[in-house]
Structures are given as C-alpha cells and as structure tokens.
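Chains as they are written, first to last, in the numbering used here: chain P, 1 to 123; chain H, 1 to 123.
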C-alpha cells in the first residue's frame, strides 16, 4: 500500500495548496470521505464543507506559501503518518512544520489527527 | 486536559509493563473503551481481550524489558501523541522506540495508531 499511501498524502498536500475554489473542493472530495473529520490544535472540522473552509482560511492566513511533504510517508494497515512543511517560496526555512496521522476508509481519509512541530514565533 | 492526557498515557504505559494477568486486564479496562482498536505495523487488535493478548505476547517477546514514556505528551481536542521507549533495565539505549497517536472517547482510548521509530536489528 506504500505507493497508494504516498499518492494519497500528495493529494492531501495538493488540496492545501489549491487556491482555485472549485478545484480545491474537488480535490477535497477525492481525498476525504464525505463525513471525514480533521483536527489540529486550532481546528475541529467535520465534513467536506468544513474542511474546505478550514483550508481556505489557512490559505488566507499564509498567502503565497506552499505546503510540501517532508520526508517519507509511513503507512501500515489503514493508517498513514507524515511530516509536512509550510514555506514561503523564497524562504530558507519552513515557517510551519506539521505532523499528521491520517486514518483511511476505502482509500480516502476518514480522519486526520494533526499536530504542529514548529509554529511561527510572534514578531 | 494536559494533566489528564499525561495520566492516561502513563496508565497506558503501565498496562504494557504489568505482567500480572488480572492487574493487566484491569488496567486495560480502565485505559481503553471496551471496543477500542489498537494497531501498529505488526498488530490489529480490537477490544479488551485482543488488546490484552497483544500486550501479553509482547511481554513474552521481551522478558524483563520495561516501557517508558519518552518526552512530553502532546494533547489537543480528544487526541494524544507521545513517543515511548522499550528497554532492558541495564541497557544504555532503548531496544525499541515507538510513537503513538491515541484517539479518546469519554476519557478512555478509542483507538491507538502505533508506529515504530526504531526496531531491533537482526543479529
């Protein structure tokens, strides 16, 4: 399942980077089960609509920044874990480093358990 | 919830160290919801009975070794993450390093998503 796991994690990251509203929603529907739940320290979003609104809000907070997978996707049973970076294109260091465990259901994400490993320091 | 999260993670670790069958089962019932699921790369166990059998099997594989929390317990919403070590009492280095995300339900564990960060090398 390693290849599928990596492809799903890449699609998940792509949904965080997609700023066209229609394409983003389509990616989210391809990536998450309809009643999926996404949590991180700041957010608890249930279902496509709430997840899409969460992604749109984060994009507005960090305009021009890009998400990327950081390192390998570790997968077993119906579970993935991976780290990600959020960075400005011209930055040497990521602004945010996050870590997600995603639980799957029939090849789509049922729940994301998101954590933050590095957050921006207050100016 | 940080204090409760830490206490729950400590109880979870204690259940992995408890070799008395009755006390172990009691700890497992205090720690997990009845139909909880535990997965790691080698195991998919559902319910108290299967989880207890998993813990007993691991204890037989590593006699005399002890589990311990490694570092802080990171908690938000109904989710914990923490790293743990499995070590022989006289060893300088842990034999196994693992990482768990635990999803909670009414103060007990509903699901453990377990991963391995270091596994024993074949002799």
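Think of the CB as a built atom: it goes at the ideal place given N, C-alpha and C, for glycine as much as any other residue. Every value quoted in this text rests on a predicted model; they were computed, and no experiment measured them.
Of all Cβ atoms in chain P, is any one closer than 8 Å to the Cβ of residue 73 of chain H? no
Please identify, using Cβ separations under 8 Å, the residues of the segment 22–50 of chain H that lie next to chain P, in order along the chain. 39, 40, 41, 44
Decide if residue 111 of chain P is buried, meaning its Cβ has at least 16 other Cβ atoms within 10 Å, or exposed. buried
Just reading off the alpha helix (DSSP H) that residue 26 of chain H is part of, what are its end residues? 21–31
Using beta carbons (cut-off 8 Å, strictly below), is residue 19 of chain P in contact with chain H? no
Could you tell me whether the segment 101–117 of chain P touches the segment 27–37 of chain P, using the rule of 3 or more Cβ pairs below 8 Å? yes
With respect to the alpha helix (DSSP H) encompassing residue 52 of chain P, which residues constitute its N-terminal and C-terminal limits? 47–61
With DSSP run on the structure shown, which of helix, strand or coil describes residue 10 of chain H? helix
So what does DSSP say about residue 103 of chain P, is it helix, strand or coil? strand
Check the Cβ-Cβ distances between residue 6 of chain H and every residue of chain P, and say whether any is below 8 Å. no
Reduced DSSP category for residue 91 of chain H - H, G, I as helix; E, B as strand; rest coil: coil
Cα separation between residue 71 of chain H and residue 98 of chain P? 18 Å
Between residue 49 of chain H and the rest of its own chain, which residues show a CB-CB distance below 7 Å, the 5 nearest in sequence each way excluded? none
If we define contact as Cβ-Cβ less than 8 Å, is residue 81 of chain H a contact residue for chain P? yes
So which residues of chain H does residue 85 of chain P contact, with C-beta pairs closer than 8 Å? The premise fails here: residue 85 of chain P is roughly 18 Å from chain H at the closest Cβ pair, so nothing lies under 8 Å.
Residue(s) in a DSSP beta bridge with residue 151 of chain P: Since the first residue shown for chain P is 1 and the last is 123, residue 151 of chain P is missing from the structure and cannot be characterised.
With respect to the beta strand (DSSP E) encompassing residue 112 of chain H, which residues constitute its N-terminal and C-terminal limits? 108–118
Please go through the same chain and pick out, in chain order, the residues whose beta-carbon is closer than 8 Å to the beta-carbon of residue 13 of chain H, but skip the five residues on each side of it. 67, 68, 69, 84
Please work out which residues of its chain come closer than 6 Å, Cβ to Cβ, to residue 138 of chain H, disregarding the five sequence neighbours upstream and downstream, and give them in chain order. The shown model of chain H, from 1 to 123, leaves out residue 138 of chain H, and the question about it has no answer.
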